[in-house]
Each structure stands twice: as C-alpha cells, then as structure tokens.
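Student: Quick one: the structure is below, questions incoming.
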Amino acid sequence: MAASPRLNDPETRIREATAALEPRLVEIRRDIHAHPELAFEEVRTAGIVAAELARMGIAHRTGIGRTGVVGVIEGGRPGPTLAIRADMDALPIHEMTGLPFASTVDGKMHACGHDIHTTTLLGAAEVLKDLAPQLAGRVVLVFQPAEEALGGAAAMVQDGVLEGVDMALGFHNHPDMPAGQFGYCRGSTLAAADRFDLVIRGKSGHAAHPDKAVDPIVAAGAFIAQAQTVVSRELDPLMPGVVTIGMIHGGTAPNIIPETVELRGTVRTLHHAARDTAEAALRRFAAGLEAMHRVQCTLNYRRGVPPLINADSVLDPAIAAVRRQFGDVVAEGRPSMGAEDFAEFAERVPAFQLRIGSGAPGRHDHLHNDHYQPDERCIGLGVQALSRIALDMLA
Numbered sequence: 001m002a003a004s005p006r007l008n009d010p011e012t013r014i015r016e017a018t019a020a021l022e023p024r025l026v027e028i029r030r031d032i033h034a035h036p037e038l039a040f041e042e043v044r045t046a047g048i049v050a051a052e053l054a055r056m057g058i059a060h061r062t063g064i065g066r067t068g069v070v071g072v073i074e075g076g077r078p079g080p081t082l083a084i085r086a087d088m089d090a091l092p093i094h095e096m097t098g099l100p101f102a103s104t105v106d107g108k109m110h111a112c113g114h115d116i117h118t119t120t121l122l123g124a125a126e127v128l129k130d131l132a133p134q135l136a137g138r139v140v141l142v143f144q145p146a147e148e149a150l151g152g153a154a155a156m157v158q159d160g161v162l163e164g165v166d167m168a169l170g171f172h173n174h175p176d177m178p179a180g181q182f183g184y185c186r187g188s189t190l191a192a193a194d195r196f197d198l199v200i201r202g203k204s205g206h207a208a209h210p211d212k213a214v215d216p217i218v219a220a221g222a223f224i225a226q227a228q229t230v231v232s233r234e235l236d237p238l239m240p241g242v243v244t245i246g247m248i249h250g251g252t253a254p255n256i257i258p259e260t261v262e263l264r265g266t267v268r269t270l271h272h273a274a275r276d277t278a279e280a281a282l283r284r285f286a287a288g289l290e291a292m293h294r295v296q297c298t299l300n301y302r303r304g305v306p307p308l309i310n311a312d313s314v315l316d317p318a319i320a321a322v323r324r325q326f327g328d329v330v331a332e333g334r335p336s337m338g339a340e341d342f343a344e345f346a347e348r349v350p351a352f353q354l355r356i357g358s359g360a361p362g363r364h365d366h367l368h369n370d371h372y373q374p375d376e377r378c379i380g381l382g383v384q385a386l387s388r389i390a391l392d393m394l395a
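Okay, so the sequence shown: first residue is 1 according to the UniProt record's numbering, each after it adds one.
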C-alpha cells in the first residue's frame, strides 16, 4: 500500500496539526499568565502540564528538580534521545498591561514569556505524539522551574533529567524580532553569570582625624575603579566581559569613618578562559587592598551558570529544519551578556537554543518589563518549529 501523501508532506501535516491546537494553546497560555508563580513555586503550572500530558497519553514524572515535569515520547524505531526544554517560572514584577488575562497575583508577572514557552512545548508534545511512529529515537519533554533564579536546570540535572539524553534543544521568545522570524547565534551565545561579595574592614574613627582610623571607603573606591580594568586590561579584547558593582553599603554619618564597607557585584563572560581571568583578577585586587590600604578583605566569589555555547551539531540541522518548514525566515544574531540556565544542559550534552520572534505589530516590547505583550502567534509558530526540528533530527 502506498504511503499517504500527507505523511510524505511533514510541512503540511505539522502546520495543519498546529492550527487545530492553537485555540486551546492560547487558552492555556492565558490561564498560566493570569496565575504566575515564582521560582520553585510552580505547583499550579506543573499541575496543568501534568494534566495535559496525561490527556495526551504521554508518560511523565513530576517533582523533578523540585517542581519540574518530564514527559517522554517513544519513537517507532531505535535512535538517539532529544530533550526539548521549556521554563515555567514568572518574575517578581507587578503587571501593568491591563489585559483581560493579566496577572491576578500582585507583584508577580510572566514578563519573560515563560508562559509562552510552557504552552509551546505542550503544543509540540501533542504534535510529536501523533508523529511518534515516524521518529527514530525518543523525545524528552523538560518543563523546568526556576530559570529566573538560575537554579532550576541544575536541580533537574541533579535529579537525572539528562540521563540517556544525547542532545538538547532550548528556545526563547524574542520581542526584538517579529512573530514569524527565527534566529540563532553560533558558539558562545549567552554569558556565564557569577557574583561576588566583598567586605572591607578598616578601623572606625572621627572624620577630622583620619590618621587615627583606617578608611574602608577609600579602599572601596580603589577597588571599584580597579575592577573596571578587568575588562579593559585583563581580558582578551576578543572575549567580551562585564563587571558591574551594583550595591555598596557603608557608614552611618558624614563625620564618621566607618568600620566596614560591603560591595556586591556581578561578572558576565562569554568564554571559559575569560571567566577564569576575571575571577583571578578580582581576587588579586582584593588581596592588594590589604597591603595598599591597611584594611582586611573578605571576598566571597560564587560561580553561577556557565556560558551557553551552542553546538553546531545541533544548531545546523535544527536551522535547516526550520527553513524546510517556513522558508527563509531565519537570521544569524549576536551574542548577549544575559544569562540562561539552559547552559547547564549545554555544558553536558550538545545543545542549541532557538530564538523565536514574538514582537507584536506596532509594539516595541522588551523582556522583564511590566508592559510586555508578546504576539501570541509565536506559540503556534514555535510549535511548528520544535516539531519539525524533532521530526527531522530523529528521522
């Protein structure tokens, strides 16, 4: 018996299947949007995900990485395992959109579009469930908590989410691109995010008699100025870096030299070598303050997520699949110094994060903004892209 022409036309099959799902997906997205949950609090959202997977007949587990959900679609033939990840958490932002489905929780909002991501992966799950007999391998559906806290991916990895996984696909909505456009970046695409706390201890005294005190404010000023030379004089000029000191606390009165000053900052780097260099330099600067300014320094330097490095072995076939589904709607973009804990997956298996345009006509939105309103068409477009990528990569 000859195969159905529709089975030999994945573009049409995926497009039509997605179109049938879109009204329900929009409803789910708006429900999640109206009930945002912060990092590791995504109990209601995880419940929606689990209920939808159960309705589709997709085997799944809950409580992975505390509040994460993992589903598995088995293909019709043996092959590799592809993990597709979506994040679920919201932000501590009070929504100001005035939409009828705006957040019902004061001080919490899906201002980064993770409601879009969760819904998109649910749609892709339903399409891929129908396509499962054509897949050589399996798809692991990863619904991750706490991306905004940069801790959810590590928690899921610790619970074994990547066991048996050969490659991983992530995605993020981009309001700087209109819905219908897709993007990618080769190699290092998002930065490592490290943090440091520095306590400088001097000797308090009267401002009129600085010779009888040891001034930690002067030492702090020297450190702040010196820290900026990490980028200008320590790092390879072809390896971007950012050092930002965002908090400084010290002193109680204008005529008192304080005992201590506390600084807090962040370091962003796109390359492992630059990350090592920046940390070593800041440690050296802190140690040098003790000799130069007679203070005592305690530096607590904490490494966060690593840089997100896209693997060509996943990027190239993924982009080719998107082009087969939509045509020439994909453009190469630039790296960003923002951070993303999908990097924890990419550190362990070959991975790629797809950029999905979500900009609405006539708007100029950006992420983490209390007026953010993505174009909901990006949900169905994302479903098509993820489904075609999985189908082609597991052919």
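Note that CB positions come from ideal geometry on N, CA and C, so glycine has one too.
Predicted, not measured: the structure shown is a model, and the values here were computed from it.
Under 7 Å Cβ to Cβ from D328, same chain only, skipping five residues before and after it: list those, please.
Tutor: Here the set comprises nothing.
Student: Please look up how many angstroms separate the CB atoms of L150 and D341, rounded, as I've assumed it's under 8 Å.
Tutor: Indeed they touch by this definition, with Cβ atoms about 5 Å apart.
Student: Mind checking whether Q353 and L391 have CB atoms under 8 Å apart?
Tutor: No, the pair does not count as a contact, with Cβ atoms beyond the cut-off.
Student: What does the Cβ neighbour count give for A125, buried or exposed, with the cut at 16 atoms within 10 Å?
Tutor: By the 10 Å Cβ count, A125 comes out buried.
Student: Given this structure, state the Cα-to-Cα distance separating V49 from H249, to the nearest angstrom.
Tutor: Each residue's alpha carbon lies about 43 Å from the other.
Student: Taking the alpha-carbon positions, what's the A154 to A86 distance?
Tutor: Roughly 14 Å separates the two Cα atoms.
Student: Name the two residues that bound the continuous beta strand (DSSP E) containing P61.
Tutor: It should be noted that the sequence gives Arg, not Pro, for residue 61. Segment 59-64, the beta strand (DSSP E) holding R61.
Student: Quick one: what's got a C-beta closer than 7 Å to P306's C-beta in the same chain, skipping five residues either side?
Tutor: Contacts found: A192, A343, E347.
Student: Which runs of the alpha helix (DSSP H), 4 residues or longer, sit entirely within the segment 272-315?
Tutor: Those alpha helix (DSSP H) runs which fall completely within the segment 272-315 and span 4+ residues are 272-293.
Student: What number of angstroms, rounded off, separates the C-alpha of G98 from the C-alpha of Q384?
Tutor: Spanning the two alpha carbons is a distance of roughly 30 Å.
Student: What three-state label does DSSP hand S232 in the structure shown?
Tutor: DSSP places S232 in helix when its eight states are reduced to three.
Student: So is residue 473 buried or exposed if we call it buried at 16+ other beta carbons inside 10 Å?
Tutor: It is not possible to answer for residue 473, since the shown part of the chain is limited to 1 through 395.
Student: Within the same chain, show all residues whose beta-carbon is closer than 6 Å to that of E376, passing over the 5 residues directly before and after it, in chain order.
Tutor: Excluding positions up to five away in sequence, the list reads V26.
Student: Do V70 and L141 have their CB atoms nearer than 8 Å?
Tutor: Yes; because the gap between Cβ atoms is below 8 Å, this pair is in contact.
Student: Identify the continuous beta strand (DSSP E) that holds F345 and give its terminal residues.
Tutor: Here F345 belongs to no beta strand (DSSP E); instead the alpha helix (DSSP H) covers 343-346.
Student: Give the range of the beta strand (DSSP E) segment to which P145 is assigned.
Tutor: Note, P145: premise wrong, no beta strand (DSSP E); not H, not E.
Student: Compute the Euclidean distance between the alpha carbons of E95 and K108, then round it to the nearest angstrom.
Tutor: Going by the C-alpha atoms only, they are around 7 Å apart.
Student: Looking at the secondary structure, which residues open and close the beta strand (DSSP E) in which V243 lies?
Tutor: From DSSP, the beta strand (DSSP E) with V243 extends over 241-250.
Student: Apart from the five residues just before and just after L122, which ones in its own chain have a Cβ nearer than 6 Å to its Cβ?
Tutor: Taken in chain order, the residues that qualify are E52.
Student: Using three-state DSSP, classify G75 as helix, strand or coil.
Tutor: Looking at G75 - three-state DSSP - the assignment turns out to be coil, as it is neither helix nor strand.
Student: Apply the 10 Å Cβ neighbour rule to A3 and answer buried if 16 or more other Cβ atoms are within range, or exposed otherwise.
Tutor: At A3 the pLDDT is 46, less than 50, meaning the model places this residue with poor confidence and gives no usable figure here.
Student: Can you round the beta-carbon distance between R29 and D115 to whole angstroms, since I take them to be within the 8 Å contact cut?
Tutor: 5 Å between Cβ atoms; contact.
Student: Over what stretch of residues does the beta strand (DSSP E) that includes M177 continue unbroken?
Tutor: Taken as a continuous stretch (DSSP letters only), the beta strand (DSSP E) holding M177 covers 167-178.
Student: So, for residue 396: in the same chain, excluding its five sequence neighbours on each side, which residues have a beta-carbon less than 7 Å away from its beta-carbon?
Tutor: Residue 396 lies beyond the residue range present for the chain, which begins at 1 and ends at 395; the question has no answer from this structure.
Student: Can you say whether T119 is buried or exposed, counting buried as having 16 or more other CB atoms within 10 angstroms of its CB?
Tutor: Under this definition T119 is a buried residue.
Student: Excluding the five sequence neighbours on either side, which residues of its own chain have a C-beta within less than 6 Å of the C-beta of M1, listed in chain order?
Tutor: Low confidence applies here, because M1 scores a pLDDT of 41, under 50, leaving its location unreliable and the question unanswered by this model.
Student: Can you give me the Cβ contacts of T18 inside the same chain, cut-off strictly under 7 Å, excluding the 5 residues immediately before and after it?
Tutor: Contacts found: G123, V127, G380, V383, Q384.
Student: Which residues in the same chain have their Cβ closer than 6 Å to the Cβ of residue 400, if we skip the five residues on either side of it in sequence?
Tutor: The chain is shown only over 1 to 395; residue 400 falls outside these bounds and no answer can be derived.
Student: Going along the chain, which residues of its own chain have a beta-carbon closer than 6 Å to the beta-carbon of A146, five neighbours each way excluded?
Tutor: Correct list, in chain order: A39, F40, D89, G152.
Student: What are the boundary residues of the beta strand (DSSP E) that L198 is part of?
Tutor: Looking at the DSSP string, the run of the beta strand (DSSP E) that includes L198 is 192-201.
Student: With Y184 and L394 assumed to form a contact (beta carbons below 8 Å), what rounded beta-carbon distance in angstroms separates them?
Tutor: Contact flag wrong, Cβ pair sits at about 20 Å.
Student: With C-beta atoms as the reference, is G68 less than 8 Å away from F143?
Tutor: Contact: yes.
Student: From P5 to T12, what distance separates their C-alpha atoms?
Tutor: Only weak support is given to the placement of P5: the predicted model assigns it a pLDDT of 47, under 50, and the value that follows is read from those uncertain coordinates. Cα-Cα distance, rounded: 10 Å.
Student: Quick one: using the 10 Å Cβ neighbour count with 16 as the cut-off for buried, is I389 buried or exposed?
Tutor: Classification for I389: buried.
Student: Taking the beta strand (DSSP E) that G265 falls in, what are its first and last residues?
Tutor: Element bounds for G265: 260-269.
Student: Mind checking which residues open and close the alpha helix (DSSP H) that includes M384?
Tutor: The sequence shown places Gln at residue 384, rather than the Met named in the question. Taken as a continuous stretch (DSSP letters only), the alpha helix (DSSP H) holding Q384 covers 377-393.
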